[in-house]
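The numbering of the sequence shown is my numbering, which starts it at 31 and goes up by one.
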Amino acid sequence: MPAWFDALRRLWRARREHPEPDAAFWEAVERTVPYAENIPAAARERVRRLAARFLATKTFYGAHGLPITDTIAGNIAWQAALVAHRTGLGIYDDFIGVIVYPEPFRVRRRFADEVGLVHEFDDELYGETWSGGPVIVSWGTGEEEGMQVALHEFAHRLDLADGTLDGVPLLPPTLSRARWEAIADAALARLREDLDAGETPPLDPYAEEGPEEFFPVATETFFAEPAALAAWDPALFAALAEIYALSPSTSPAPMQHSPRTARSP
Ligand SMILES: [Zn+2]
Numbered sequence: 031m032p033a034w035f036d037a038l039r040r041l042w043r044a045r046r047e048h049p050e051p052d053a054a055f056w057e058a059v060e061r062t063v064p065y066a067e068n069i070p071a072a073a074r075e076r077v078r079r080l081a082a083r084f085l086a087t088k089t090f091y092g093a094h095g096l097p098i099t100d101t102i103a104g105n106i107a108w109q110a111a112l113v114a115h116r117t118g119l120g121i122y123d124d125f126i127g128v129i130v131y132p133e134p135f136r137v138r139r140r141f142a143d144e145v146g147l148v149h150e151f152d153d154e155l156y157g158e159t160w161s162g163g164p165v166i167v168s169w170g171t172g173e174e175e176g177m178q179v180a181l182h183e184f185a186h187r188l189d190l191a192d193g194t195l196d197g198v199p200l201l202p203p204t205l206s207r208a209r210w211e212a213i214a215d216a217a218l219a220r221l222r223e224d225l226d227a228g229e230t231p232p233l234d235p236y237a238e239e240g241p242e243e244f245f246p247v248a249t250e251t252f253f254a255e256p257a258a259l260a261a262w263d264p265a266l267f268a269a270l271a272e273i274y275a276l277s278p279s280t281s282p283a284p285m286q287h288s289p290r291t292a293r294s295p
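In C-alpha cells:
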C-alpha cells in the first residue's frame, strides 16, 4: 500500500476522532493559557474561531516521542490565533505545521566571521522559526522565567508576514511604519537605560538583542502582563493594541464575593 494512502487514512481517522471543538474544549484550553483572563470576552470568541481553523488546517508533530494531546494542540492553536486576531490566519500560509519539543532543544550553529573563520557551536533554544520553515516550540518551558514561548514564535511570523524579519510586523493602516519604529526604538532605548540603572523593567532583557527580538518580547509582555506594560510605556501599549486590534485588561481581575467597602465621603 503506498505511503501516501496510509497518511491520508491516518488524517481521516484523526478528523473523525476530533470533531469540531466545543465551548467546553476551549474553556479547558484557556485554563492552560496563564494569561487568558486578560483577553476580553469578545476577542476570545474570535480567537476560538480562528484557533479551530488553525487546528483543522495545520499539522502538529511531537519531537523526541512527545505525544500531541488535545491540550497541547489546543493551547498552541489558541496562542497562534491570538497573534492573528487582527490579521486572520493568512499570516501563517507559508508553513504547514508546528513541531513541539518536550524540553528546550539543541541546534548546531555555524557561521563564518569577517576573516572567513567558520565557527560552530551548540545553541539551546526554547523555540525557533524562519521564513518558509515550521514553527518550533518547546512545551511547558520558560513559564517560570516569565516567557511565553508560543506567543513569541508566532509574533515572529507576524513580523515575517511582510517578507522581512526586522521588528516591523504587518501593520494596520492606522499605524505607519515610521510611527511604530519611533515607538519601538524609544522603548528599546528606555529598556537599556533601565537595565543599566539596575531597575527591573517589565520586558525580558532578551529584547535588547535588537528590534527583531524586541517585537516578540513586547508581545509576550503585552498579553501576559498588560498592566505593567501600560504603566511602563503607554505609547508602546497603545501601538500594540492597534497591531493586535484588542486591549488586554489592565485592571486586576475582580475578586469574587469581595464585599464592597463603604467609604466615608
Ligand atoms: Zn525570538
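Heads up, the beta-carbon is just placed ideally off N, CA and C, and yes, glycines get one too.
Residue interval of the beta strand (DSSP E) (run including residue i)
i	result
D226	It is not in any beta strand (DSSP E) - D226 instead sits in the alpha helix (DSSP H) that spans R207 to D226.
R61	From DSSP, R61 is part of no beta strand (DSSP E) but of the alpha helix (DSSP H) over A53 to R61.
For residue i, the nearest candidate out of the options (CA to CA)
i	options	result
G176	E133, P235 and T194	P235
V130	A142, V165 and Q109	V165
R116	R187, P202, E154 and A208	P202
E359	A53, W56 and T62	With the chain represented from 31 up to 295, any question about residue 359 goes unanswered, as that position is not in the structure.
Y65	L225, N105 and I126	N105
A54	N68, E75, P70 and I69	E75
F84	D153, V137, A72 and F184	F184
R140	D189, V148 and G240	V148
T159	S281, I102 and L188	L188
F151	A142, R138, E144 and G92	R138
P199	S279, G92, E242 and F253	E242
S281	P51, E50 and E67	E67
G193	A257, G127 and I121	I121
E60	T89, I102 and F252	I102
T251	A208, G170, V113 and P134	V113
E211	L155, E154, L270 and A81	L270
D123	R136, A93, Y156 and K88	K88
A107	A260, F90 and P97	F90
L181	T249, L233 and L225	T249
R220	G157, P134, D263 and A254	D263
P51	A71, A58 and A82	A82
P232	E255, G163 and S277	E255
G95	E133, G163 and A110	E133
P246	I98, Q109, D226 and E57	Q109
I273	A237, W56, G197 and L218	G197
Which residues DSSP lists as bridging residue i, in chain order
i	result
H186	Beta-bridge pairing links H186 to no other residue.
T89	G127
R136	E154
I166	I129 and E158
F141	H149
Start and end residues, alpha helix (DSSP H) containing residue i
i	result
L155	First-last for L155: V148 to L155, but that is the beta strand (DSSP E), not the alpha helix (DSSP H).
E242	P241 to A254
T101	D100 to V113
P278	No alpha helix (DSSP H) contains P278, which DSSP labels as neither H nor E.
Cβ-heavy atom distance, residue i to ligand 1, below 7 Å
i	result
H182	yes
P246	yes
E238	no
E243	yes
H115	no
H186	yes
Closer than 8 Å to chain C by CB, residue i
i	result
S277	The chain inventory of the structure shown lacks chain C, comprising one protein chain alone.
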